Amino acid sequence: MYLLSMEMSDGNRLVAKPTLTFKGDEPAQIEIGEQDGSRYSMQVTLSPQADGTVSMASTITVAPAGRAAHRVMPVLRVGLGKPSTFEFGTESPTEKPFRVNFTVDRTGG
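End of the sequence shown = 128 in my numbering, gap-free, step of one.
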């Protein structure tokens, strides 16, 4: 079993701080809808690797209210218990990218 702790931010605005517990090689999904019509979803599968790391395959859809949806499908290799970050989107003086800070740990069960 794995514990995935995340902090999802759209620019400088915190969207959610979900924690998911699930089995390796089985997908987990989170969907967030906000009052302004913004929608966020993430599907993730964690697969243990022989070297003790975890392969994290995800599909993330960000659909801010009034703007086009953006979908990415990153595959990352991460160390257990090591904080990691990925981000995507526009970086400019007026816009910041979507960012996910996360940590993957093993849990009992």
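For every residue, glycine included, the Cβ atom is placed at its ideal position computed from N, Cα and C. Keep in mind it's a predicted model, so treat the numbers as computed, not measured.
Count the other C-beta atoms from every protein chain shown that fall within 10 angstroms of the C-beta of S111, then say buried if there are 16 or more, exposed otherwise. Classification for S111: exposed.
Does the beta-carbon of P102 have 16 or more other beta-carbons within 10 angstroms, so that it is buried, or is it exposed? The residue is exposed, with fewer than 16 neighbouring Cβ atoms inside 10 Å.
Rounded to whole angstroms, what's the CA-CA distance from T122 to G56? Just pull it up for me. 28 angstroms
Compute the Euclidean distance between the alpha carbons of P83 and E53, then round it to the nearest angstrom. 9 angstroms
According to DSSP, which residues form a beta bridge with A76? T64 and V94
For T104 and L95, I'd like the C-alpha separation in whole angstroms. 10 angstroms
Rounded straight-line distance, which links the Cα of G71 to that of M61: 24 angstroms
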